[in-house]
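Note that this note's numbering has the sequence shown beginning at 475, numbered continuously upward.
From the three backbone atoms N, C-alpha and C, an ideal C-beta is built for every residue, glycine too.
Since the structure comes first, as structure tokens, the remarks are kept for the end.
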Amino acid sequence: MNASSPMAYCLAEGGKIKQMNIDEKRIAESLEPLQKKHKIYNLMLLISVLGVFLTPIVLFPITIRLDNSTIMLVGWAVSMAIVLIVSIPSRKAAKKYLKSYKQLLTRPIIEALYDEAQYYPDMGYTQEQFRRIGLMQWQKNFQYVSEDLIKGTYKGVKFKQSDVKITLKDNKSNVTDDIDGSLIELSLNKRVENAVLVLSAGVPCPEPKLRRVITENIEFNRMFDVYAINEHDAFYVLTPHFMEYIQTLGGTYGRMYLKFEAENLYFLRSGGGIAESALILGKFDIHKEIANTRKELEDLCRIIEILEPNMSATHEKKEALEEVRQEGEELQEQGRKLKKIAFRILFFIVIPALIISVIIMLMLVVFL
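Now the structure itself:
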């Protein structure tokens, strides 16, 4: 097939095949220059950051010869200013790339994958809406951002999803806690008379009127805390199979918040979102970009299949669970690799540069 013509991709949904036409050449011509621009600014930013560490080394002999420590301080201040200046266009380039990415790639995949799909990249749950849902204790120093709102229907289940980022800073502006993931809202086929909360173990309950409920599943009790006004409401939604499903999700996404209220299920999870699917770094590959975006959106399909208690076709739930388990293992392996890379960068580049800088500063204090 000619690269200039739209490519047809097939998405399976509920036993039906949906076709999604994507003009790869047009998308690549639009996104590749934006990605290259961002990479150039990122390289400039990296060089300027290294300059902050190298400046004391380069200026040390001059400072000693002229017996003037001001040279060192001015040089270091200038290198820091360069970092701040370069970071501004770098952020702007990333923002422009992501905006185009969502319009050209994310939107058509969403419209093909879900029924009655609506996508609002710049919208999300407002702070007030999020607080009213009551998934977590709200604090005054929370910094809250929500975007990439999706509305649609999947296998007859109405849903909403939005990326959510919550950062908690202490009085010294140090990040002490954060959530970077997504909030999913499902319309269920069963009604809960009173609210039921399922929170990762140790997470404080936001509603004082709810009391702790202990299930018969010891492993589930170790991973999660359940709260309800009436324990019968908790046992009504937390069937043995459903608790197994939640345990599987907990092993993949880490910290989780679930709330059953009336006919709605709210699910807040950590672990990336729509914006995370864009491969900003690395060589631009349209096929990888499409596959990565599809994977992120199909995660939502699997979560709906797992969390919808009355959804039929148990074999589909099992398949979704197996996919989630595999994804969890892949994420753990990726995490181990990233930790090794981060350790090498820290041990062989950052720490030596910091040590050299400190030694030079101490020598300045001694000799000047």
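Please list the terminal residues of the continuous beta strand (DSSP E) segment that includes residue i.
| i | result |
| --- | --- |
| D707 | Note, D707: premise wrong, no beta strand (DSSP E); alpha helix (DSSP H) at 705 to 711. |
| Y719 | Element bounds for Y719: not the beta strand (DSSP E) but the alpha helix (DSSP H), 714 to 727. |
Let me confirm a value: residue i is counted as buried when at least 16 other C-beta atoms fall within 10 Å, else exposed. Which label applies?
| i | result |
| --- | --- |
| P530 | buried |
| E763 | buried |
| P535 | exposed |
| T544 | exposed |
| H715 | exposed |
| Q611 | exposed |
| G630 | exposed |
| K576 | buried |
| D596 | exposed |
| L609 | buried |
| R539 | exposed |
| L558 | exposed |
| T600 | exposed |
For my contact list, residue i and residue j are in at a C-beta cut-off of 8 Å; report their separation, rounded to the angstrom.
| i | j | result |
| --- | --- | --- |
| M697 | G724 | 5 Å |
| I607 | Y740 | 5 Å |
| I720 | V672 | 7 Å |
| A675 | F734 | Their Cβ separation, rounded to whole angstroms, is 18 Å, which puts A675 and F734 out of contact at 8 Å. |
| D707 | V677 | Rounded, the Cβ-Cβ distance is 20 Å, inconsistent with contact. |
| L505 | S574 | 6 Å |
| T689 | V700 | 6 Å |
| I778 | F633 | 6 Å |
| G655 | G525 | That belief does not hold up - the Cβ atoms of G655 and G525 are roughly 35 Å apart, past 8 Å. |
| A555 | L508 | The Cβ separation is near 27 Å, so there is no contact. |
Less than 8 Å between C-beta atoms, sequence neighbours within five positions excluded: which residues of the same chain meet that for residue i?
| i | result |
| --- | --- |
| I560 | Contrary to the premise, residue 560 reads as Val rather than Ile in this sequence. Around V560: Y515, M518, L519, S522. |
| N738 | E659, L660, S661, L662 |
| R605 | W612 |
| S564 | H512, Y515, N516, M518, L519 |
| I703 | N668, A669, K683, L684, R685 |
| E681 | G608, A669, L671, Y701 |
For residue i, which three-state DSSP category applies?
| i | result |
| --- | --- |
| N738 | strand |
| V523 | helix |
| V677 | coil |
| Q843 | With the chain covering 475 to 842 only, the question about residue 843 has no answer from this structure. |
| K632 | strand |
| M597 | coil |
| K569 | helix |
| T689 | coil |
| K683 | coil |
| G745 | coil |
| N516 | helix |
| M785 | The predicted position of M785 is uncertain, since its pLDDT is 44 and thus under 50; a value taken from the coordinates is nonetheless stated next. Three-state DSSP puts M785 in coil, outside helix and strand. |
| V649 | Residue placement at V649 is poorly supported in this model, since its pLDDT is 47, which falls under 50; the coordinates are not used for a value here. |
Note the first and the last residue of the continuous alpha helix (DSSP H) segment covering residue i.
| i | result |
| --- | --- |
| K769 | 760 to 781 |
| I692 | 692 to 697 |
| L587 | 581 to 587 |
Within its chain, find whatever has a CB closer than 6 Å to the CB of residue i; leave out the 5 residues flanking it on each side and keep chain order.
| i | result |
| --- | --- |
| A591 | I584, E585, G626 |
| D652 | T641 |
| Q617 | T641 |
| Y593 | R581, I584, I624 |
| G598 | S620, E621, L623, S636 |
| N691 | M717 |
| M730 | S674, G724, R743 |
| E782 | V631 |
| S553 | G525, V526, T529 |
Spatial neighbours of residue i within its chain, please: CB distance less than 7 Å, with the 5 preceding and 5 following residues excluded, ordered by chain position.
| i | result |
| --- | --- |
| L579 | I501, E763, I764, T767 |
| N648 | At N648, the pLDDT of 49 sits below 50, so the modelled position is not reliable; the number obtained from the coordinates is stated separately. Within the same chain, N648 has no close Cβ partners at all. |
| L588 | At residue 588 the sequence reads Tyr, which differs from the Leu that was named. Correct list, in chain order: G626, T627, Y628. |
| I760 | E498, I501, A502 |
| L771 | I583, I584, L587 |
| E487 | Note that E487 has pLDDT 48, beneath the 50 cutoff, so the model's placement of it is unreliable and the number below is only indicative. Result list for E487: L587, in chain order. |
With hydrogens ignored, establish whether the beta-carbon of residue i is closer than 8 Å to any heavy atom of the ligand NAP.
| i | result |
| --- | --- |
| N615 | Absent from the structure shown: the ligand NAP. Ligands present: none. |
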